[in-house]
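Heads up: the structure comes next, in structure tokens.
There are 2 protein chains.
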Amino acid sequence: MKERSIPKETIDRLPLYLRCLEKIIDEGEVNISSGNFSEKLNLNSAQVRKDLSYFGDFGTRGVGYETETLAKQIRSILHLDKKWDMALAGAGNIGSALLTYTGFNEGDFEVQVAFDKDPDLIGKEINGVNIEDAEDMEKIIRDQDIKLGIITVPAKAAQEVADQMVEAGVEGVLNFAPTLLDLPKEVKLAQVDITKELEQLVYYL
Amino acid sequence: MKERSIPKETIDRLPLYLRCLEKIIDEGEVNISSGNFSEKLNLNSAQVRKDLSYFGDFGTRGVGYETETLAKQIRSILHLDKKWDMALAGAGNIGSALLTYTGFNEGDFEVQVAFDKDPDLIGKEINGVNIEDAEDMEKIIRDQDIKLGIITVPAKAAQEVADQMVEAGVEGVLNFAPTLLDLPKEVKLAQVDITKELEQLVYYL
DNA sequence: CAAAGATAGTGAATCAAAGCACAAAGTTTG
DNA sequence: CAAACTTTGTGCTTTGATTCACTATCTTTG
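Protein chains in written order, with the working numbering: chain C, 25 to 229; chain H, 25 to 229.
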């Protein structure tokens, strides 16, 4: 392993490696080669090796990578060796779907608290998560020391909610609103834009 | 405009240009320059010009781009000058959230029919969309000549559902299940992977 | 235990995208 | 109406990612 700067594409692929590993660990495999990896993920095998080599010499020549060990290492690289608490703003369609989504609620990520402006929703509970008044968001996020925010409010309200989250100490934002958020550069942003995905998709049809 | 091959990144950005245009058309702007565009979207202005120049010489030197005309042209490039009917498989959390999502239901994309295996859901209706028996999916998609499928079933079932959709004539798939789908290369895939986004996000924290 | 086989790690070559910088073509101003 | 200004379109350069191809190790086999 040599010191090099890590392409963001490599970071993009780490979750895929991890997911693939978890699956084959389940199937009882102890080792996996870069070639095997690359087939399962539609990649070039050199790319797999290079991606992993940014973080250490995890493999054994002639053998491959030990599945359990590699999975642990990737989890550690991605900072998944702790549980991440999240705050969700906007308990509408997508928001409440995420609250009941079991994909992450049981694992590395957990929504601790949700917020909305709608008086009919405030005080309710979805899948064990309380919906609080949006007015109290800043205080509650700060008090609970939450570092991850999910934005599922309408586009018009997204920037304001993001600003409040940042003010409250949030360091990473997952935004579902179809808006380009303007955040301080030390705050990280992930964007999920369903309409954009559809629009790109049909270009190719 | 010269004949060149179009980078996929350019296609990625077209929906953003379009959204930006629609916003400033609303604000009454008649023209926009590449520099103005680039500020709003955090891009390099040469990139904006180059992106647009792949499809024609849309601008006027000294003036910029006419907002209305450019929006029409981008819509046409993206094949948004027709309405796209969609079929949705899996009326659970995310699925039903998408059925009530107003972001695309009124516009260029419309879910015509949904499918599930759960007898409690079959026959019900969400936001005006009928939930049909998953058994009948292939026939119904074929009969209604639907070309776009949305997959919101659990990961384990995703490949099978995708296969059925392809068999029924679907040409584009938007997949929310955290699985790498194996599709014939003529069928286009867009992937929305929330857990992956979160995992990448916390890497940077 | 030596030879054959498998596979990681990586420097060098290739490919692709982004950005620079300038000519061309329009608009505005005095 | 000429000079100054604005802004597009694009060839060329730079930057960054992918892939190739080879060496270094390790395992397996006869």
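Even glycine gets a Cβ: it sits at the ideal position worked out from N, Cα and C.
| request: Using three-state DSSP, classify Q168 (chain C) as helix, strand or coil. | output: Residue numbering aside, residue 168 (chain C) sits at position 144 when the first sequence is read from its first letter. Coil.
| message | Run through chain H and tell me which residues come within less than 8 Å of I175 (chain C), C-beta to C-beta. | response | As a first step, residue 175 (chain C) is located in the first sequence; it is residue number 151 there, counting from the start. The premise fails here: I175 (chain C) is roughly 13 Å from chain H at the closest Cβ pair, so nothing lies under 8 Å.
| task | Name the two residues that bound the continuous beta strand (DSSP E) containing K212 (chain C). | result | What you label residue 212 (chain C) is simply residue 188 of the first sequence in a count that begins at 1. That run of the beta strand (DSSP E) goes K212 to Q215.
| request: Can you tell me which of H:V177, H:Y227, H:T124 and H:P39 puts its alpha carbon nearest to the alpha carbon of R99 (chain H)? | output: Position 75 of the second sequence holds residue 99 (chain H). Checked all of H:V177, H:Y227, H:T124 and H:P39; the closest Cα to R99 (chain H) is H:P39.
| task | Entirely within the stretch 120-188 of chain H and at least 3 residues each: give me those beta strand (DSSP E) ranges in chain order. | result | 133-140, 153-157 and 172-175
| field | First through last residue of the beta strand (DSSP E) which encompasses E223 (chain C) | value | The count along the first sequence starts at 1 and reaches residue 223 (chain C) at position 199. Taken as a continuous stretch (DSSP letters only), E223 (chain C) belongs to no beta strand (DSSP E), being part of the alpha helix (DSSP H) at I218 to Y227.
| Counting pairs of Cβ atoms below 8 Å between the stretch 171-190 of chain H and the stretch 101-118 of chain H, do you hit three or more? | yes
| said: List, in chain order, every chain H residue whose beta-carbon is nearer than 7 Å to that of Q224 (chain C). | reply: The count along the first sequence starts at 1 and reaches residue 224 (chain C) at position 200. Under the 7 Å cutoff, chain H gives I35, D36, P39 and A214.
| Within chain C, partners of R43 (chain H) - CB distance below 7 Å | Taking the second sequence and counting its residues from 1, the one referred to as residue 43 (chain H) is at position 19. What R43 (chain H) touches in chain C: P202.
| said: Please list, in chain order, the chain H residues whose beta carbon lies closer than 8 Å to that of L65 (chain C). | reply: Within the first sequence, the letter at position 41 stands for residue 65 (chain C). Simply L204.
| Nearest-angstrom Cα distance between D169 (chain H) and D109 (chain C)? | Looking up residue 169 (chain H) in the second sequence gives position 145. Looking up residue 109 (chain C) in the first sequence gives position 85. Cα-Cα distance, rounded: 44 Å.
| T84 (chain C) bridges to which residues according to DSSP? | Locating residue 84 (chain C) in the first sequence gives position 60, where the first residue counts as 1. Answer is C:G88, bridged to T84 (chain C).
| said: Within 9 Å of any Cβ in chain H, is that where the Cβ of A181 (chain C) sits? | reply: Position 157 of the first sequence holds residue 181 (chain C). Answer no: the Cβ-Cβ gap between A181 (chain C) and chain H never drops below 9 Å.
| Beta carbon of L145 (chain H) nearer than 9 Å to that of A182 (chain H) | By 1-based counting over the second sequence, the position of residue 145 (chain H) is 121. By 1-based counting over the second sequence, the position of residue 182 (chain H) is 158. For L145 (chain H) and A182 (chain H), no; Cβs fall outside 9 Å.
| request: Using a Cβ-Cβ cut-off of 9 Å, state whether F128 (chain C) counts as contacting chain H. | output: Position 104 of the first sequence, counted from the first residue, corresponds to residue 128 (chain C). Interface residue, yes.
| field | Other residues of its chain near E162 (chain H): CB distance less than 7 Å, five sequence neighbours each side excluded | value | Along the second sequence, read from residue 1 onward, the residue named residue 162 (chain H) stands at position 138. Taken in chain order, the residues that qualify are Q188, E191 and A192.
| said: Any beta carbon from chain C within less than 9 Å of D75 (chain H)'s own beta carbon? | reply: Taking the first residue of the second sequence as 1, we reach residue 75 (chain H) at position 51. By this cut-off, D75 (chain H) is not an interface position.
| said: Contact defined as beta carbons within less than 8 Å: I believe G88 (chain H) pairs with N66 (chain H). What is the distance between those atoms, to the nearest angstrom? | reply: Position 64 of the second sequence, counting from 1, holds the residue named residue 88 (chain H). Position 42 of the second sequence, counting from 1, holds the residue named residue 66 (chain H). Contact doesn't hold; Cβ gap of about 18 Å is too wide.
| request: Tell me, please, whether the CB atom of F82 (chain H) is closer than 9 Å to any CB atom in chain C? | output: For this step, residue 82 (chain H) is matched to residue 58 along the second sequence. No - not a single Cβ of chain C is within 9 Å of the one on F82 (chain H).
| said: With distance defined between alpha-carbon atoms, name the residue in H:A186, H:Q71, H:T203 and H:P208 nearest to L158 (chain H). | reply: Translated into positions along the second sequence, residue 158 (chain H) becomes position 134. Note on identity: in this sequence residue 158 (chain H) is Ala, with Leu being the wrong assignment. Answer by Cα proximity: H:A186.
| message | Against F133 (chain C), what residues of chain H qualify as contacts under a CB-to-CB distance less than 8 Å, listed in chain order? | response | As a first step, residue 133 (chain C) must be located in the first sequence, where it is residue number 109. Ordered by position in chain H, the residues that pass the 8 Å Cβ test against F133 (chain C) are T219 and L222.
| query | Among H:K141, H:Y78 and H:E51, which has the Cα closest to the Cα of R28 (chain H)? | reply | Taking the second sequence and counting its residues from 1, the one referred to as residue 28 (chain H) is at position 4. Checked all of H:K141, H:Y78 and H:E51; the closest Cα to R28 (chain H) is H:Y78.
| said: Could you tell me the alpha carbon to alpha carbon distance between S120 (chain H) and I150 (chain H), rounded to whole angstroms? | reply: Against the second sequence, residue 120 (chain H) aligns to sequence position 96. Against the second sequence, residue 150 (chain H) aligns to sequence position 126. For S120 (chain H) and I150 (chain H), the distance between alpha carbons rounds to 7 Å.
| said: Does any residue of chain C have a CB that is nearer than 9 Å to the CB of T91 (chain H)? | reply: For this step, residue 91 (chain H) is matched to residue 67 along the second sequence. T91 (chain H) does not count as touching chain C.
| request: Note down, in chain order, each residue of its chain lying with its Cβ closer than 6 Å to the Cβ of E53 (chain H), except the 5 sequence neighbours on either side. | output: Residue mapping note: residue 53 (chain H) aligns to position 29 of the second sequence, counting from 1. Hits under 6 Å: T91.
| Just how far apart, CA to CA, sit G80 (chain H) and L42 (chain H)? | By one-based count along the second sequence, residue 80 (chain H) stands at place 56. By one-based count along the second sequence, residue 42 (chain H) stands at place 18. Rounded to the nearest angstrom, the two C-alpha atoms are 16 Å apart.
| request: For chain C, find out if any of its Cβ atoms is closer than 9 Å to the Cβ of Y78 (chain H); answer yes or no. | output: As a working note, residue 78 (chain H) is residue 54 in the second sequence. Chain C, which has no Cβ nearer than 9 Å to the Cβ of Y78 (chain H), makes this no.
| query | DSSP state of R75 (chain H), grouped into three classes? | reply | In the second sequence, residue 75 (chain H) corresponds to position 51, counting from 1. What sits at residue 75 (chain H) in the sequence shown is Asp, not Arg. Of the three classes helix, strand and coil, the one that applies to D75 (chain H) here is helix, per DSSP.
| message | Can you pull the chain H neighbours of L104 (chain C), defined as C-beta to C-beta under 8 Å? | response | Numbered from its first residue, the first sequence carries residue 104 (chain C) at position 80. Those within 8 Å of L104 (chain C) in chain H are E223 and V226.
| Using a Cβ-Cβ cut-off of 7 Å (strictly less than) and excluding sequence neighbours within five positions of K64 (chain C), which residues of its own chain qualify? | Counting from one through the first sequence, the residue named residue 64 (chain C) turns up at place 40. Once the five neighbours on either side are set aside, the close Cβ partners of K64 (chain C) are C44.
| Is A111 (chain C) close to chain H, meaning its C-beta is less than 9 Å from at least one C-beta of that chain? | Residue mapping note: residue 111 (chain C) aligns to position 87 of the first sequence, counting from 1. Chain H contact via Cβ: absent.
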